[in-house]
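Using the UniProt record's numbering, read the sequence shown as starting at 1 and increasing by one per residue.
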Amino acid sequence: MDIRTITTKSRIEEGLLSLLEKKEFAKCNVSDIVECAEISKRTFYTYYKGKHDLLNAVEVRLIEGLEESLAKDRETLTRLERIPSAEEINQLADIAFNNTIAFCNQNKGAFSKLLSSNGDIYFYQKIIKVGNHEFDNRFPYLFHEKKMMLNDSLTLRFIRNLYVHGIIDILVLWSRNDGLIGTKDVKRLLGLTQTKSPLELVNLYKVELKFYHNEKQLL
Numbered sequence: 001m002d003i004r005t006i007t008t009k010s011r012i013e014e015g016l017l018s019l020l021e022k023k024e025f026a027k028c029n030v031s032d033i034v035e036c037a038e039i040s041k042r043t044f045y046t047y048y049k050g051k052h053d054l055l056n057a058v059e060v061r062l063i064e065g066l067e068e069s070l071a072k073d074r075e076t077l078t079r080l081e082r083i084p085s086a087e088e089i090n091q092l093a094d095i096a097f098n099n100t101i102a103f104c105n106q107n108k109g110a111f112s113k114l115l116s117s118n119g120d121i122y123f124y125q126k127i128i129k130v131g132n133h134e135f136d137n138r139f140p141y142l143f144h145e146k147k148m149m150l151n152d153s154l155t156l157r158f159i160r161n162l163y164v165h166g167i168i169d170i171l172v173l174w175s176r177n178d179g180l181i182g183t184k185d186v187k188r189l190l191g192l193t194q195t196k197s198p199l200e201l202v203n204l205y206k207v208e209l210k211f212y213h214n215e216k217q218l219l
């Protein structure tokens with residue numbers, strides 16, 4: 001693929017994402033997209049069959065990038081020789097999601113717009129599907145369970161649901177709050193969500209809240 005094609009397709013993608021800032025995808029048409037991208041319809045149809053084809057192309061790129069980043073981060077876990085403690089899992093969060101966080105940060109605008117009320121209501125479920133697959137791949141390294149996973153186990157499905165939704169929802173929250181949450185905070189939360197119960201997290205929040213009020217009083 002030559003540089004002109006890559007540039008044009010990127011321009012069209014950006015046109016769609018810009019449009020989603022002010023209009024629901026269901027109410028968008030090709031004319032709206034080409035206007036935002038500042039291209040002709042002829043150029044648009046050179047690369048895409050329609051708006052759904054374009055949306056799918058954007059989402060496929062993001063999903064594939066997410067899968068590749070998670071796979072790179074997973075290599076860190078393959079070197080574990082024993083079951084990690086909760087403290088070690090907290091520390092691992094700094095490197096076990098490093099590439100993933102970098103990719104999400106690089107594409108934060110795209111994730112934010114597609115996950116917004118103007119975006120694709122099915123995109124979140126596509127991300128969750130990636131998360132479920134990654135959980136199954138990481139499970140043996142985190143728990144050293146070499147036997148076949150009991151996929152019909154209600155307990156395992158519940159654990160997977162908590163683990164995956166906890167991590168994905170942190171990344172989604174991060175994408176929607178640009179500038180309010182830094183990458184260090186994201187890594188810290190990713191570690192906590194894997195090792196702490198909801199009650200422990202509430203207690204941690206209370207400590208932070210108390211610290212915040214003390215700081216405000218000193219100002």
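For glycine and all other residues, C-beta sits at the position ideal for the given N, C-alpha and C.
Quick one: what does DSSP say residue i is sitting in, helix, strand or coil?
| i | result |
| --- | --- |
| Cys28 | coil |
| Phe139 | helix |
| Asn99 | helix |
| Glu68 | helix |
| Leu20 | coil |
| Asn107 | coil |
| Thr43 | helix |
| Glu75 | coil |
| Asp120 | coil |
| Tyr48 | coil |
| Leu156 | helix |
| Ile128 | helix |
For residue i, collect the residues of the same chain with a Cβ closer than 8 Å to its Cβ; drop the 5 residues on either side in sequence, then sort them by chain order.
| i | result |
| --- | --- |
| Leu77 | Leu92, Ala96, Arg138, Tyr141, Leu142 |
| Asp94 | Lys187, Gly191 |
| Asn177 | none |
Alpha carbon to alpha carbon, what distance is there between residue j and residue i?
| i | j | result |
| --- | --- | --- |
| Asn161 | Glu38 | 43 Å |
| Arg11 | Lys108 | 17 Å |
| Leu204 | Ala102 | 26 Å |
| Lys49 | Gln106 | 27 Å |
| Val34 | Lys126 | 27 Å |
| Asp185 | Lys206 | 17 Å |
| Thr155 | Ser197 | 16 Å |
| Glu13 | Leu201 | 39 Å |
| Glu64 | Glu75 | 17 Å |
| Tyr45 | Asp53 | 10 Å |
| Lys23 | Arg79 | 47 Å |
| Glu88 | Glu208 | 22 Å |
Out of the options, point me to the one whose CA is closest to residue i's CA.
| i | options | result |
| --- | --- | --- |
| Tyr124 | Leu209, Leu173, Ser18, Leu16 | Leu173 |
| Gln194 | His165, Lys184, Lys206 | His165 |
| Cys28 | Lys51, Ile128, Ser116 | Lys51 |
| Ile121 | Leu20, Leu199, Val207 | Leu20 |
| Phe158 | Ser85, Ile6, Asn177, Asn132 | Asn132 |
| Leu115 | Leu62, Asp32, Thr155, Ile89 | Leu62 |
| Glu67 | Ala57, Asp53, Lys129 | Lys129 |
| Lys113 | Ser153, Leu55, Ile6 | Leu55 |
| Thr183 | Val207, Cys104, Lys196 | Cys104 |
| Ser31 | Lys23, Lys22, Lys41, Phe25 | Lys41 |
| Ile18 | Leu189, Asp53, Phe111, Tyr45 | A small fix is needed here, since residue 18 is Ser in this sequence, not Ile. Measuring from the Cα of Ser18, the nearest candidate turns out to be Phe111. |
| Phe25 | Asn118, Leu201, Val202 | Asn118 |
| Tyr47 | Leu209, Ile6, Val60, Asn90 | Ile6 |
| Asn90 | Glu59, Leu189, Val58 | Leu189 |
Between residue i and the rest of its own chain, which residues show a CB-CB distance below 6 Å, the 5 nearest in sequence each way excluded?
| i | result |
| --- | --- |
| Tyr163 | Phe135 |
| Ile181 | Trp174 |
| Cys36 | Gly15, Ser18, Leu19 |
| Leu171 | Cys104 |
What does a CB cutoff of less than 7 Å around residue i pick up in its chain, not counting 5 residues either side in sequence?
| i | result |
| --- | --- |
| Asn99 | Ser69, Lys72, Asp73 |
| Ile168 | Ile127, Ile128, Gly131 |
| Gly43 | For the sequence presented, residue 43 should be read as Thr rather than Gly. Counting only Cβ-Cβ distances below 7 Å, and skipping sequence neighbours, we find Thr8. |
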